[in-house]
Amino acid sequence: MATTRQIFVASKDGTQICVDAKGDPSKPCIVFVHGMSTGMGCFDEIFADPVWVAQVFLVRYDIRGHGMSPVDTEDSSKWESSRFVEDFDAVIQHFGVTRPFFAGWSYGCSIPVDILTLHDPTYLSGLILMGPLPFVAFHDAVRPAALDAVPGITNYTDVALFKSATTTWIDSITVKPMSYSTRLTILGAVLLQPGKAFNVAFARPQDAETLPRVAATGNLPLLLVLGKHDRVVYSPKVREYYENTLQWVGLEVADIDGGHAMWLDSLDQVRESVLGFVARQIN
Numbered sequence: 001m002a003t004t005r006q007i008f009v010a011s012k013d014g015t016q017i018c019v020d021a022k023g024d025p026s027k028p029c030i031v032f033v034h035g036m037s038t039g040m041g042c043f044d045e046i047f048a049d050p051v052w053v054a055q056v057f058l059v060r061y062d063i064r065g066h067g068m069s070p071v072d073t074e075d076s077s078k079w080e081s082s083r084f085v086e087d088f089d090a091v092i093q094h095f096g097v098t099r100p101f102f103a104g105w106s107y108g109c110s111i112p113v114d115i116l117t118l119h120d121p122t123y124l125s126g127l128i129l130m131g132p133l134p135f136v137a138f139h140d141a142v143r144p145a146a147l148d149a150v151p152g153i154t155n156y157t158d159v160a161l162f163k164s165a166t167t168t169w170i171d172s173i174t175v176k177p178m179s180y181s182t183r184l185t186i187l188g189a190v191l192l193q194p195g196k197a198f199n200v201a202f203a204r205p206q207d208a209e210t211l212p213r214v215a216a217t218g219n220l221p222l223l224l225v226l227g228k229h230d231r232v233v234y235s236p237k238v239r240e241y242y243e244n245t246l247q248w249v250g251l252e253v254a255d256i257d258g259g260h261a262m263w264l265d266s267l268d269q270v271r272e273s274v275l276g277f278v279a280r281q282i283n
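Counted from 1, the sequence shown has number 218 at position 218 by the working numbering; the numbering is strictly sequential.
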């Protein structure tokens with residue numbers, strides 16, 4: 001029976017991580033992880049879709065320092081790579097899930113680096129990376145216009161600049177105008193994020209050897225979901241990194257008619273690509 005439950009789960013360091021789940025826990029689990037400065041509400045359309053709910057167990061959570069999972073931005077120990085792993089571990093352990101699929105978007109796609117540094121690739125059933133930032137220091141993947149917006153988004157003294165930069169960035173993540181409620185949900189998450197969280201989240205060190213090591217094992221299938229009209233991440237460069245630089249064994253690519261948040265433009269295409277990928281791994 002499909003159910004919805006939003007709760008708080010304690011991570012190893014005591015941080016309260018806000019989690020939401022929907023569907024049947026006996027089905028394959030996909031854990032959705034949002035992008036920088038947003039929150040799990042960006043996936044509302046997926047969680048409201050009866051086809052997704054019928055086929056998989058949907059889990060999502062607010063990354064520490066985002067949404068309803070606040071942490072102290074002055075305490076560097078709260079932002080270590082291992083903390084992001086402990087959060088993910090706590091979420092799936094709460095639901096009794098083993099070997100979930102990890103579905104990240106944008107900055108959220110950097111978190112598998114942390115997870116796979118401490119866990120074997122078989123800890124996950126597969127990676128689903130949507131408009132990914134492969135790791136936090138991979139700035140070449142970000143388009144100049146998106147980088148140019150960062151000073152305004154992180155300016156908390158000039159209200160006019162912050163508002164202009166933030167709304168411009170939000171409006172750039174889709175091709176067609178998003179619904180008013182979705183726009184408010186994403187904007188609200190950005191406005192409520194602690195001031196320094198953006199910078200400290202990008203500053204965490206990651207093991208540069210993790211992705212090359214895992215890519216060669218053939219033990220972790222990967223689906224790249226790329227927006228053909230992404231104005232935030234440069235999709236061809238991301239694809240080249242996974243295909244040619246890493247030569248990821250078990251890589252699949254889905255090119256979607258959409259922008260950076262491509263499920264808000266083409267939910268049907270994303271659903272078909274992701275659920276098809278999941279089905280191929282479990283059959």
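Note that CB positions come from ideal geometry on N, CA and C, so glycine has one too.
Note that the coordinates shown come from a computational prediction; the quantities given were computed from them, not determined experimentally.
- Per DSSP, Glu240 is one residue of the alpha helix (DSSP H) stretching across Ser235 to Glu240.
- DSSP places Phe202 in the helix class (H, G or I) of the three-state scheme.
- Per the C-alpha coordinates, the member of Asp72, Ala216, Ala208 and Asp255 positioned closest to Leu226 is Asp255.
- The shortest C-alpha to C-alpha distance from Ala145 to any of Leu118, Val233 and Leu124 is the one to Val233.
- If you keep only unbroken alpha helix (DSSP H) runs of at least 4 residues inside the segment 42-67, you get 44-47 and 50-55.
- Put simply, the segment 119-135 touches the segment 96-109. At least three CB pairs are less than 8 Å apart.
- Here the C-alpha atom of Leu267 lies approximately 12 Å from the C-alpha atom of Pro50.
- The beta carbon of Ile17 sits closer than 8 Å to the beta carbons of Phe8, Val9, Ala10, Ser11, Tyr61, Asp62, Arg64, Ser69, Asp87, Ala90 and Val91 from its chain, once the five residues preceding and following it are set aside; these are given in chain order.
- Boundaries for Asp171: no beta strand (DSSP E) harbours it, while the alpha helix (DSSP H) harbouring it runs Val159 to Ser172, taken from the DSSP string.
- Counted as a single uninterrupted DSSP element, the beta strand (DSSP E) harbouring Val253 occupies residues Leu251 to Ile256.
- Membership of Val33 in any alpha helix (DSSP H) is not indicated; the residue belongs instead to the beta strand (DSSP E) covering Cys29 to Val33.
- Straight across, the Cα-Cα distance linking Val214 with Thr157 is about 43 Å.
- When C-alpha distances from Arg204 are compared across Ile46, Val85 and Ile30, the shortest belongs to Val85.
- Under the three-state reduction of DSSP, Leu129 is assigned to strand.
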